[in-house]
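See structure below.
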Amino acid sequence: MTTRSETQSTLDHLLTEIELRNPAQPEFHQAAHEVLETLAPVVAARPEYAESGLIERLVEPERQVMFRVPWQDDQGRVRVNRGFRVEFNSALGPYKGGLRFHPSVNLGVIKFLGFEQIFKNALTGLGIGGGKGGSDFDPHGRSDAEVMRFCQSFMTELYRHIGEHTDVPAGDIGVGGREIGYLFGQYRRITNRWESGVLTGKGQGWGGSLIRPEATGYGNVLFAAAMLRERGEDLEGQTAVVSGSGNVAIYTIEKLTALGANAVTCSDSSGYVVDEKGIDLDLLKQIKEVERGRVDAYAERRGASARFVPGGSVWDVPADLALPSATQNELDENAAATLVRNGVKAVSEGANMPTTPEAVHLLQKAGVAFGPGKAANAGGVAVSALEMAQNHARTSWTAARVEEELADIMTSIHTTCHETAERYDAPGDYVTGANIAGFERVADAMLAQGVI
78 MTTRSETQST
88 LDHLLTEIEL
98 RNPAQPEFHQ
108 AAHEVLETLA
118 PVVAARPEYA
128 ESGLIERLVE
138 PERQVMFRVP
148 WQDDQGRVRV
158 NRGFRVEFNS
168 ALGPYKGGLR
178 FHPSVNLGVI
188 KFLGFEQIFK
198 NALTGLGIGG
208 GKGGSDFDPH
218 GRSDAEVMRF
228 CQSFMTELYR
238 HIGEHTDVPA
248 GDIGVGGREI
258 GYLFGQYRRI
268 TNRWESGVLT
278 GKGQGWGGSL
288 IRPEATGYGN
298 VLFAAAMLRE
308 RGEDLEGQTA
318 VVSGSGNVAI
328 YTIEKLTALG
338 ANAVTCSDSS
348 GYVVDEKGID
358 LDLLKQIKEV
368 ERGRVDAYAE
378 RRGASARFVP
388 GGSVWDVPAD
398 LALPSATQNE
408 LDENAAATLV
418 RNGVKAVSEG
428 ANMPTTPEAV
438 HLLQKAGVAF
448 GPGKAANAGG
458 VAVSALEMAQ
468 NHARTSWTAA
478 RVEEELADIM
488 TSIHTTCHET
498 AERYDAPGDY
508 VTGANIAGFE
518 RVADAMLAQG
528 VI
């Protein structure tokens with residue numbers, strides 16, 4: 078039988094190969110390291126995973142698509158962006174994962190997101206594979222007409238690669254209901270089909286699911302609550318710091334408030350707001366969702382309880398809970414050390430890989446409950462899969478039913494991660510539990526389906 082140390086040596090060699098085969102993709106390297114460094118126990122116990130070349134197949138996307146996206150701005154000038162879709166693994170079902178429109182998007186970012194999506198989707202227990210896509214287009218400051226023209230051009234190429242039984246995109250950073258509407262309209266125009274299951278995050282009047290906009294934030298809070306319950310505590314009366322002010326952050330704050338916690342921060346690229354009375358959701362939604370403004374406007378209109386801090390780190394604010402909900406690598410080792418000094422009890426990731434590896438290790442060493450994004454923020458894709466189910470049946474569920482299903486899924490994910498960590502001698506390590514549990518589900522399906 079292969080020992081854990083021998084297995085880890087094999088995995089380390091594979092990680093080196095991944096870096097050589099995928100140069101200049103640090104985010105993908107980081108995601109691969111984060112998963113593979115935890116798999117030695119399960120691969121040592123199940124040598125068929127290594128003997129079949131399964132892991133080498135798992136880290137190589139089944140398909141990568143990159144394309145030109147030309148579009149015209151309101152001044153008549155032709156602009157050109159890049160579009161991406163990485164279809165990473167379909168062993169459990171059609172590729173499923175969002176589209177991100179942001180200047181930081183490149184192939185390495187999309188591959189990291191798609192790789193994470195494999196395990197996140199597996200943890201939901203639903204029949205969906207992993208993929209991700211997007212563009213370096215920035216919708217911020219663009220008119221609705223410009224966004225529409227860009228989305229139509231983007232879909233004119235993307236439509237060739239997607240379908241409700243093949244690949245089902247959704248939204249992500251920079252892609253909300255407006256963008257999904259334009260994308261779906263162009264898909265319908267080109268294909269002459271009302272294939273509502275081809276995109277999720279749709280409007281509720283034309284195939285969307287209730288609770289989908291809220292799902293990622295709600296699910297993250299439910300996962301954090303489950304981690305606290307495991308330690309004999311609950312959310313009632315806890316102070317929370319939340320980063321970001323987009324969809325995930327807003328509904329994270331909403332669910333925290335509903336469960337009795339006090340969320341005191343939000344942020345964007347200009348800085349962060351601290352509101353000792355708790356974030357006023359109506360005001361935040363007005364500024365960010367209606368006016369598409371900056372969080373400094375929140376502080377100006379909120380009054381004496383709120384202050385805006387330009388730049389700086391939202392993690393400097395003392396709190397019991399931290400929920401990073403903005404973007405990757407936003408919480409580094411120094412920020413983690415500050416959180417620990419200030420007595421943080423739990424960190425739960427609403428964004429994808431927002432915590433650096435060094436910060437994760439520091440938090441775990443300090444005994445902080447840490448919920449990795451592939452488990453904690455899986456609520457969004459879970460409800461997307463529920464939206465697909467509703468589309469398939471040509472029906473619509475009540476908000477209460479969707480929220481109940483979401484709560485059951487998040488509880489199941491927490492239980493699975495917790496029990497898997499204990500089974501592999503890593504009690505309380507949700508990173509190891511999530512990685513191994515997701516890996517086992519995908520790996521077993523890949524073994525059953527042969528070398529493809």
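Residue numbers for the sequence shown follow this note's numbering, so the first one is 78 and each next one is one higher. Think of the CB as a built atom: it goes at the ideal place given N, C-alpha and C, for glycine as much as any other residue.
- Beta-bridge analysis with DSSP links A446 to A423.
- Membership of Y295 in the alpha helix (DSSP H) is indicated by the continuous run A292 to E307.
- Counting only runs of at least 4 residues, the segment 335-380 fully encloses the following alpha helix (DSSP H) elements, listed from N- to C-terminal order: 358-362 and 373-379.
- T329 sits buried, since 16 or more C-beta atoms from the chains shown fall within 10 Å of its C-beta.
- For P246, the secondary structure class from DSSP, reduced to helix, strand or coil, is strand.
- The beta carbon of C494 is closer than 7 Å to those of A452, Y507, G510, A511 and A514 in its chain, skipping five residues each way along the sequence.
- Exposed is the label assigned to G420, since fewer than 16 other Cβ atoms lie within 10 Å of its Cβ.
- Counting only the Cα atoms, G355 lies some 43 Å from T243.
- Assigned with DSSP and collapsed to three states, Q141 falls in strand.
- With a cutoff of 9 Å on beta-carbon distance, I327 and L287 are scored as not near each other.
- Where K209 is concerned, the enclosing beta strand (DSSP E) starts and stops at G206 to S212.
- Beta-bridge partners assigned by DSSP to E164: R140 and G208.
- M487 sits close to A459, with the two beta carbons spaced by under 9 Å.
- Apart from sequence neighbours up to five positions away, the residues of its chain that approach Q281 with a beta-carbon distance below 7 Å are L287, ordered along the chain.
- Taking the Cα of G251 as reference, the smallest distance to any Cα among A199, S212, A414 and S82 is reached at S212.
- Remark: C-beta atoms of E111 and K188 do not approach each other more closely than 9 Å.
- In this structure, T334 lies away from A396, with their beta-carbon atoms at least 9 Å apart.
- Shown here, W148 sits in a strand according to DSSP, grouped into three states.
- In the three-state scheme derived from DSSP, where H, G and I count as helix and E and B as strand, P387 is classed as strand.
- In this structure, DSSP gives K173 an extended state, which the three-state scheme calls strand.
- With fewer than 16 other beta carbons inside 10 angstroms of its own, L97 counts as exposed.
- Out of G527, K422 and R270, the CA that lies nearest to the CA of E310 is found in K422.
- In this structure, DSSP gives R159 an extended state, which the three-state scheme calls strand.
- As DSSP reads the structure, F178 sits in a beta bridge with S212.
- At a Cβ-Cβ threshold of 9 Å, E410 and E435 count as neighbours.
- V245 sits away from P147, with the two beta carbons spaced by 9 Å or more.
- Here V163 is buried, its C-beta having at least 16 other C-beta atoms within 10 Å.
- In the displayed model, T79 falls within coil according to three-state DSSP, outside both helix and strand.
- In chain order, V341, T342, A383, R384, V386 and V394 place their CB closer than 8 Å to the CB of V351, counting only its own chain and leaving out the 5 sequence neighbours on each side.
- Nearest to G284 by alpha-carbon distance, out of D485, H469 and Q526, is H469.
- The alpha-carbon of A303 is positioned some 7 Å away from that of H491.
- Closest in alpha carbon position to D89, among Y295, A101, L113 and V325, is L113.
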